[in-house]
Amino acid sequence: MTRLDRYVFRTAFIAFLGTLLVLAGMIWVTQALRELDIMTTQGQTILAFVFITSLALPALILGLAPSALFMAVAHTLFRMNSDSEIVVASSAGISTWRFLRPLVILALLVAAGCAALSLELVPAALRQFRYEISRVRADFVGFIAQPGRFTNLAPGMVFNVRERNANGVLGGIFINDARNPDQVSTYLAERGQVLDTPEGTFLVLENGAIHRRSTGKPDTNVVEFQRYAFDLSPFTSNSDNTIYRAPERSFRELLSPDPNDLAYKLDPGRFTEEIHRRLSLPLYVLAFFAIAVAALAEPRTTREGRGLALAATAPFVIVLQVVSFGLINQVRNNAGLVPFVYLVPVVFILGAALSLSARFRPRMPRAVGRYIDKMAQRVVRATVN
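Mapping the sequence shown onto the numbering used here, position 39 (from 1) lands on 39, and the numbers just tick up by one.
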């Protein structure tokens, strides 16, 4: 790379990275708050909370990368036009295509990164996220063994423990089972411990008593025990039978699904949709990049022209985004639309290339241009006054 290439590449890359991190961070915070119960109700540490919620970051980065690239390239070209850097480069004999070489390299790198993320990394992160959430929610000891807290295991089932030792032994156990209104049972025990066995999960209580009260009977039956196994299996979840969705499958599983796979049997079109979503993503990354360079890569000397050029990209971006989502979602039920999934971004890329070569130049309707010009003049007059 020449010094000019490094300068343009560095400027665009920093803008891309900053935009991506800010957008991903903002959305990650909102999504992480939805899993705040991992700490508040499941008794997990802050490190576990950060680790689990961070598994959603690859998917966020993948979804935001095309938009971040578009904004970074548009910002870079707009600023360089404002500082007359593109005009000076053009006056020095540097063609538009030559000036765009570092930006093209950046776009190709982003497209390759998105391909790597979509094919394997994001599905692996989503699978791990699902596993961690299932594991945390199945961690019954971490859920119920919170000293001094009354926990509702199920409607009518309340659990409380006075303390929990480092070795997992629970002290001062109170369980009130009112799931059957006709017979309410209260379990009191000095200590207990949760045990996982092939037959299920049990809370082994020691040195306690069971108080049973029946509707219509004034007396309470008390049964003392030395050891009593309370069955916790109905309140624990088994993550061994987890059915992974198509976005959580590896690309190999999507290409060669098991015919007996329940998810594939229920909706085979979802697998086809996911395959072409991942394969076409790099093309859409390049299409967003092409829209930005087609509008702003040419030398411009007036602020009005730059503003109109930037505003003119909005309809193309919206159309590309809407069409891409619509086509991908329709592929599930209509496999005949698969070629159009790839054709649409290619058309945008070719249109941008023709626009830069001056063979084809889409223009804004004159009425719209005059209206935007009048609005801009009003803003300028209001600002000056």
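Just so it is clear, CB atoms sit at the ideal spot from N, CA and C, and this is done for glycine as well.
Within the segment 48-114, complete alpha helix (DSSP H) segments of at least 4 residues are found at 57-82, 85-91, 96-99, given in chain order. CA-CA distance, T11 to F78, rounds to 12 Å. Scanning its chain for C-beta atoms nearer than 7 Å, with the 5 sequence neighbours on each side dropped, one finds around L126 the residues A59, P247, E248, in chain order.
A straight-line Cα-Cα distance of about 9 Å links E224 and H211. Bounds of the alpha helix (DSSP H) holding Y264 are 262-266. Selection L350, W97, R270, R278 evaluated against N329 yields R270 as nearest (Cα-Cα). Annotation: T53 to G63 spans about 16 Å, alpha carbon to alpha carbon. In this model, L33 and L57 are separated by some 14 Å (Cα to Cα). In this chain, the alpha helix (DSSP H) harbouring E253 covers 251-255.
Take F289, set aside five residues on each side of it, and the residues of its chain with a beta-carbon closer than 7 Å to its own are L69, F70, V73, A107, in chain order.
Restricted to the segment 184-233, the beta strand (DSSP E) segments that are unbroken, complete and at least 3 residues in length are 200-214, 220-231, listed in chain order. Taking a cut-off of 8 Å on C-beta distances, the segment 309-322 does not touch the segment 250-260, as fewer than three cross pairs fall below it. For the pair of segments examined, the segment 342-351 was found to touch the segment 280-297: the number of CB pairs separated by less than 8 Å reaches three. Cβ atoms of L356 and A294 come within 8 Å of each other, at about 6 Å. Taking C-beta atoms under 8 Å as the contact rule, Y264 and R130 fail to qualify, at a distance of about 17 Å. Apart from the 5 residues on each side of it in sequence, N152 sits with its Cβ closer than 7 Å to the Cβ of V158 in its chain, given in chain order. Here the segment 75-92 does not lie against the segment 331-340, with fewer than 3 beta-carbon pairs under 8 Å apart.
CA-CA distance, A178 to P198, rounds to 27 Å. Here R162 carries a strand assignment [DSSP, helix/strand/coil]. The residue from V331, F325, L283 with its alpha-carbon nearest to that of Y342 is L283.
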